[in-house]
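Below: the structure, in structure tokens.
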Amino acid sequence: MDLILYNPKSKNSKANIQTHKLVRKYKIEKKPFRLKNILKIHDMKKYLEDNKRFENIILLGGDGTINTLVNNVFDYDIKQSFHIKKNGSGNDFLRSLKNKDKNPQYIMENTLDQEETHHFINGTGFGLDGLIIDYVDKAKNKGKLSYFICSIKGMMSYVPEPLEVVIDGQKYNFEKAYMVVINNGRFVGGGMQITPNANIDDEDLDVIIVHGLSKFMLLILFSTIYLGIHTKFTKWVFYKKCKSIKATFTTPQICQSDGEKHEDVTSMEVKSSEKNIHLRAY
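One gets my numbering by counting positions in the sequence shown from 1 and adding 217 to each.
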């Protein structure tokens, strides 16, 4: 028997439609299944342990739903075969997963202001990156167009400021930084290749820092991210692979991890949790 997990609050008006389509497919094929609202599972590890009769689990949801799963089970060895089906607004992790699901994926650890620790599987960042997510959260409609519009709005309003980063023990300073993005996956924003060389099944982090350019040039640079060629503009784009990073802005920022917001963050420390999870594309 298969278990279908869905998130009724996925940030996409088509989320429930996709859930009904999958349920109808199971019924037509007369395959046994159970449908469960993931928000009603208060202890995911216990639920999976008590329901080993499920051979396959299909999770319908976007990056935020996957992030919730990862934070609930990162220290649990899932016995069932776990599959991800597109059902959210971004689905950026799934874009990387489609061609990289033969091996388990590493889960990354993020500590904010040396206090709060959480985990992510696709990417984290703050500065302009977090501000854009804040605008997206407040937007009436979700999806690629909304992210694009909110990105333009964020670029016009964000004021760059000093950023200090320590990458694998080496310090770097940027006088006017717009954002730092630390990714495990390649994509953000519904298909932007922000870290084009990232690999979800290794423990390396891919770091992008955008700095020292005018708003006009920032708009031009933004248009190249979809193709992943922005990294060629080395005057304004710092790109490096690493094992650990600490990034510190001079004033509190909005941080995002897999699209989930954390406000009033000044510093973040990111490294591999050394745990992994094997998710497959459905």
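Just so it is clear, CB atoms sit at the ideal spot from N, CA and C, and this is done for glycine as well.
query: Any 3 or more C-beta pairs closer than 8 Å across the stretch 311–326 and the stretch 407–419; result: yes
query: Close-in-space but distant-in-sequence residues of the same chain around residue 261 (CB under 6 Å, 5 per side omitted); result: 289 and 290
query: Residue range of the beta strand (DSSP E) that includes residue 328; result: 322–329
query: Bridge-paired residues (DSSP) for residue 257; result: None, per the DSSP bridge assignment.
query: For residue 394 and residue 253, the rounded distance between their alpha carbons; result: 44 Å
query: Contacts around residue 435, its chain only, beta-carbon distance under 6 Å, and the 5 residues preceding and following it disregarded; result: 372
query: Extent of the continuous beta strand (DSSP E) to which residue 219 belongs; result: 219–223
query: CA nearest to the CA of residue 392, picked from 406, 440, 428 and 363; result: 428
query: Which residues DSSP lists as bridging residue 458, in chain order; result: 423
query: Exposed unless 16 or more other CB atoms sit within 10 angstroms - verdict on residue 284; result: buried
query: Residue interval of the alpha helix (DSSP H) (run including residue 290); result: 280–290
query: Inter-residue spacing [alpha-carbon to alpha-carbon] between residue 345 and residue 250; result: 43 Å
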